[in-house]
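Trainee:
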Amino acid sequence: MSMIGEYARVTPAELHRALGDPEWALALVGGRMEAEAEQCPRPELARCLDIDKAWDALGFLLRRAAFPVDIVHGEEAVPDADDWGYGPPRYLTPERVRAAAGALAGISGERLTAGVGPEDLAEAAVYPAIVWERGASLDFVSEHYELLRPFFRAAADEGDGMLMWLG
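3 is the number of the first residue of the sequence shown in my numbering; add one for each residue after it.
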């Protein structure tokens with residue numbers, strides 16, 4: 003089984019309810035993911051997004067770039083939430099989503115990966131290590147990063163918060 007980085011945009015009211023009722027949030031997100039699996043909306047129209055196995059490499063690269071918001075793991079734990087795959091979900095408030103969207107606008111995927119090679123990710127034991135040990139291109143990571151940019155921009159423009167987890 004693979005660890006996949008998952009995101010769900012939520013309105014402020016939905017975020018408030020999710021923080022008090024994580025089981026409700028899981029059902030909400032599950033329904034949205036199921037509906038969008040059939041529709042495959044573009045990131046700026048989607049309510050849910052996954053970044054596949056690129057999450058740990060993105061975390062590594064964003065920390066390296068001193069990114070101001072933890073958009074990979076979230077900044078706050080959803081209280082009393084059960085495991086949604088590989089741990090409980092975390093979240094970003096609408097304010098932190100806006101800060102993230104602004105920072106994402108200033109860093110292209112090409113710029114984020116500049117000067118970093120698969121050997122750097124292998125040395126740092128970034129998941130999935132076997133991919134980097136084989137010398138895989140960082141294009142996969144850059145492509146998923148480029149999906150996050152419009153996803154976060156749309157969330158910020160709508161005043162949404164964000165739930166994130168490893169599924």
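Idealized CB from N, CA, C, for every residue including glycine.
Where Glu1 and Ala15 are concerned, what is the direct C-alpha to C-alpha distance, given to the nearest angstrom?
Mentor: With the chain represented from 3 up to 169, any question about residue 1 goes unanswered, as that position is not in the structure.
Trainee: Helix, strand or coil: which one does DSSP assign to Gly89?
Mentor: Taking the sequence shown and counting its residues from 1, one reaches residue 89 at position 87. Three-state DSSP puts Gly89 in coil, outside helix and strand.
Trainee: Helix, strand or coil: which one does DSSP assign to Asp122?
Mentor: Counted from its first residue, the sequence shown places residue 122 at position 120. In this structure, Asp122 counts as helix in the three-state DSSP scheme.
Trainee: What's the gap between the Cα of Ala10 and the Cα of Tyr129?
Mentor: Taking the first residue of the sequence shown as position 1, residue 10 is located at position 8. Taking the first residue of the sequence shown as position 1, residue 129 is located at position 127. One C-alpha to the other measures close to 22 angstroms.
Trainee: Assuming Tyr129 is part of the beta strand (DSSP E), what are its boundary residues?
Mentor: Residue numbering aside, residue 129 sits at position 127 when the sequence shown is read from its first letter. Taken as a continuous stretch (DSSP letters only), Tyr129 belongs to no beta strand (DSSP E), as it is neither H nor E.
Trainee: Quick one: Cα of Trp134 to Cα of Gly119, how far?
Mentor: One-based indexing of the sequence shown puts residue 134 at position 132. One-based indexing of the sequence shown puts residue 119 at position 117. Cα to Cα, the separation comes out at about 9 angstroms.
Trainee: Do Leu165 and Pro91 have their C-beta atoms within less than 9 angstroms of each other?
Mentor: To locate residue 165, count along the sequence shown from 1; it is residue 163. To locate residue 91, count along the sequence shown from 1; it is residue 89. Yes, these two residues count as a Cβ contact at 9 angstroms.
Trainee: Please go through the same chain and pick out, in chain order, the residues whose beta-carbon is closer than 6 angstroms to the beta-carbon of Tyr174, but skip the five residues on each side of it.
Mentor: Past the edges of the chain, shown from 3 to 169, lies residue 174, and the structure says nothing about it.
Trainee: How should Ile73 be labelled, buried or exposed, when 16 other C-beta atoms within 10 angstroms of its C-beta is the threshold for buried?
Mentor: For the purposes of this step, residue 73 is taken as residue 71 along the sequence shown, with counting starting at 1. It counts as buried.
Trainee: Who does Glu8 pair with in a DSSP beta bridge?
Mentor: Residue numbering aside, residue 8 sits at position 6 when the sequence shown is read from its first letter. Partner(s): Asp52 and Trp167.
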